[in-house]
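Taking it in order: structure first as structure tokens, then the write-up.
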Amino acid sequence: MAKGNGPRDYRLLHLGSDLQYFAVKVKETDLSIGIDSRDYSDDLSILCYRETIKIRRQLEEYLIIHPQFKTSLIPIETLPEAPVTANQMAAAAAIAGVGPMAAVAGAIADHIGQMLRQYSQNVIVENGGDIYLATTRERIIAVYAGDSPFSYNIGIKIKPETTA
């Protein structure tokens, strides 16, 4: 398999030939999105970009009024005015026993993925290794393990009935 030299080169390994992939980058958020090729449009790409800006803005504004949410390394409660994404992050952090910012990539991937389900049956949103997946067919997600010999040589088989 081809390997590149950059931090997101694993994205070169996307083999879902039935999917159209596109990128959305907003500050630190770097999404790789795949949807059914027949469902893709530039308008959907723009929608994802605008929604990512909106989610990030809500979180950034929330971090101003609740700075501990950004720095805590342990689960922390949200304030009543927390945006939905912050509440999702806090819930995931509580399950894992970590600070809520550990869940930011997954929460954004989940939000964008669920939004795209309105337009496509097959949706993959990857954000820094966190993945939202809704699929109508079996997929294999490759495991990257750094310099380990296991990198790019093992994967997780995902059956459609186990996805979003």
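In our numbering, the protein residues as written are 4 to 167.
Where a beta carbon is used, it is the ideal one built from N, C-alpha and C, also for glycine.
Check whether the Cβ atoms of Y78 and A96 sit closer than 8 angstroms, and answer yes or no. The count along the sequence shown starts at 1 and reaches residue 78 at position 75. The count along the sequence shown starts at 1 and reaches residue 96 at position 93. Before going on, a small fix: residue 78 reads as Pro here, not Tyr. For P78 and A96, yes; Cβs fall inside 8 angstroms.
Given this structure, state the Cα-to-Cα distance separating I127 from S35, to the nearest angstrom. Against the sequence shown, residue 127 aligns to sequence position 124. Against the sequence shown, residue 35 aligns to sequence position 32. Using only the alpha carbons, I get a separation of about 8 angstroms.
Helix, strand or coil: which one does DSSP assign to K57? The sequence position of residue 57 within the sequence shown is 54, counting from 1. Correct three-state label for K57: helix.
Would the beta-carbon of D42 fall within 8 angstroms of that of Y122? Walking along the sequence shown from the start, residue 42 turns up at place 39. Walking along the sequence shown from the start, residue 122 turns up at place 119. Against a cut-off of 8 angstroms, the Cβ pair of Y122 and D42 comes out as a contact.
Report all residues from its chain with a CB closer than 8 angstroms to the CB of G158; omit the five preceding and five following residues, and keep chain order. Taking the first residue of the sequence shown as position 1, residue 158 is located at position 155. Here the set comprises I143, I144, A145, V146.
Apart from the five residues just before and just after E164, which ones in its own chain have a Cβ nearer than 7 angstroms to its Cβ? Working through the sequence shown from its first residue, we reach residue 164 at position 161. Same-chain partners within the cutoff: there are none.
Let me know the secondary structure DSSP gives T81 once reduced to three states. Residue mapping note: residue 81 aligns to position 78 of the sequence shown, counting from 1. Here T81 sits in coil by DSSP.
Sheet register partners of K28 (DSSP bridge): Position 25 of the sequence shown holds residue 28. According to DSSP, which records beta bridges pairwise, K28 is partnered with D33.
Within the segment 77-139, note down every full alpha helix (DSSP H) run reaching 4 residues or more, in order along the chain. 87-99, 107-119
Which residues mark the beginning and the end of the alpha helix (DSSP H) in which K160 is found? By one-based count along the sequence shown, residue 160 stands at place 157. Element bounds for K160: not the alpha helix (DSSP H) but the beta strand (DSSP E), 158-161.
Applying the criterion that 16 or more other CB atoms from any shown protein chain within 10 Å of the CB defines a buried residue, is E64 buried or exposed? Indexing the sequence shown from 1 puts residue 64 at position 61. The residue in question, E64, is exposed, as its Cβ has fewer than 16 Cβ neighbours within 10 Å.
C-beta contact flag for A112 and N130 at 8 angstroms: For the purposes of this step, residue 112 is taken as the residue at position 109 of the sequence shown. For the purposes of this step, residue 130 is taken as the residue at position 127 of the sequence shown. Cβ distance < 8 angstroms, so A112 and N130 count as in contact.
Please say whether Q23 and S40 have beta carbons closer to each other than 8 angstroms? The sequence position of residue 40 within the sequence shown is 37, counting from 1. The sequence position of residue 23 within the sequence shown is 20, counting from 1. In contact: S40 and Q23 (Cβ atoms closer than 8 angstroms).
DSSP three-state label for D42, please. Walking along the sequence shown from the start, residue 42 turns up at place 39. If DSSP states are grouped into helix, strand and coil, D42 belongs with the helices.
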